[in-house]
Amino acid sequence: MSGRSLSFVKYFGRWYSNKTGWGPNREYKRGKMFVGVVRHPLVYYAVFDKKPEEHYGLQGYNHLLPAKGKVYDRKPVKFLMLKDKKYAWCSCGFSHNQPFCDGSHNRESTDCRPVRYIPEKDEERWFCNCKQTSNRPFCDGTHSKLSTTSVLPSS
142 MSGRSLSFVK YFGRWYSNKT GWGPNREYKR GKMFVGVVRH PLVYYAVFDK KPEEHYGLQG
202 YNHLLPAKGK VYDRKPVKFL MLKDKKYAWC SCGFSHNQPF CDGSHNREST DCRPVRYIPE
262 KDEERWFCNC KQTSNRPFCD GTHSKLSTTS VLPSS
């Protein structure tokens, strides 16, 4: 341990105290998961409650940006959206929990930004996965006009 006590853990080249609760096994320490178990990717997207001053429908102006993202899939995804919850649709195509944003647009060099939406009532909607829709974030059938060579493998 080179002079460090056992109450410190080296993680990605930095030393962290076991007492802070931060480190590679923090979820295990809180009793949320077993060590070595990989969580399902859809667990990672955050759904926040609507604030009183926010209106329903599309939020901000990201749905008006001209940039089109990478084609993730040629099939839309049906999803049940709950009233007063904020959803962020991935418009870049690099997210690992499609159709929702996980911040991957920050790691890639893209001009795409997530499109935020707050539904007025519980509703099932079809989210676009080809990222070429003109009705962001919802599917408008553009995927049927895409060539099969334009689909990139999602990994």
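Our numbering puts the first residue of the sequence shown at 142, with every later residue one more than the last. Think of the CB as a built atom: it goes at the ideal place given N, C-alpha and C, for glycine as much as any other residue. Just so you know, these numbers come straight off a predicted model, no measurement behind them.
Taking a contact as a CB-CB distance under 8 Å, the pair Gln273 and Lys209 counts as one, their CB atoms being some 5 Å apart. The continuous stretches of beta strand (DSSP E) do not include Tyr197, and DSSP gives it neither H nor E. Taking all protein chains shown into account, Asn247 has fewer than 16 neighbouring C-beta atoms within 10 Å of its C-beta and is therefore exposed. If you draw a straight line from the Cα of Tyr202 to the Cα of Cys271, it comes to about 20 Å. Taking a contact as a CB-CB distance under 8 Å, the pair Ala229 and Arg257 counts as one, their CB atoms being some 5 Å apart.
Under the DSSP assignment, Leu221 falls in the beta strand (DSSP E) whose first and last residues are 218-222. The Cβ atoms of Cys253 and Leu199 do not sit closer than 8 Å to each other. Residue range 256-259 is occupied by the beta strand (DSSP E) that includes Val256. Rounded to the nearest whole angstrom, the C-alpha separation of Pro240 and Pro260 is 16 Å. Out of Cys231, Arg215, Glu195, Lys211, the CA that lies nearest to the CA of Thr283 is found in Arg215. In the structure shown, Lys209 adopts coil according to DSSP, grouped into three states. About 7 Å separates the CB atoms of Cys233 and Lys211; that is less than 8 Å, so the two are in contact. Under the three-state reduction of DSSP, Lys286 is assigned to helix.
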